[in-house]
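Residue numbers (the numbering used here): 287 to 424.
One structure below.
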């Protein structure tokens with residue numbers, strides 16, 4: 287093409303591969319999935335359900351779901367989930383923590399122990415079997 291855009295169509299796979307003069311490559315699959323490969327190494331994948339996954343060159347990932355939920359995965363494997371209702375979760379190798387819009391924070395540790403911190407200052411700790419160890423009722 288005059289603008290140096292190159293388009294390949296792979297008939298067996300029913301896939302179109304377009305390379306633009308700026309280095310952007312776009313792959314369009316028959317199931318509706320679209321992949322964009324940027325010159326800087328970033329990749330953006332749009333799935334048929336409109337979920338968007340971004341793969342960054344530093345190893346981080348971000349997925350944006352149609353309902354507004356966003357999942358970010360760091361290079362160390364920790365994961366942050368932001369829900370559309372205002373709740374937020376953090377997953378690490380040591381614990382999983384959910385933060386609620388009212389300020390309540392619930393943490394579940396790998397040994398099964400649970401800790402809930404309420405906005406009022408109350409703290410409740412349960413063992414892996416659900417038995418209350420500490421409950422600082424105010």
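Backbone N, C-alpha and C define an ideal beta-carbon position, used for all residues, glycine too.
Mapping DSSP to helix, strand and coil, what is residue 405? DSSP places residue 405 in coil when its eight states are reduced to three.
Taking residue 296 as the reference, give the member of 316, 309, 310, 307 with the closest Cα. It is 316 whose Cα lies nearest to the Cα of residue 296.
Given a cut-off of 8 Å on the beta-carbon distance, is the pair residue 369 and residue 390 in contact? no
CA nearest to the CA of residue 348, picked from 365, 335, 388: 365
Helix, strand or coil at residue 393 according to DSSP, with G and I counted as helix: strand
Please state whether the Cβ-Cβ distance between residue 325 and residue 308 is less than 8 Å. For residue 325 and residue 308, yes; Cβs fall inside 8 Å.
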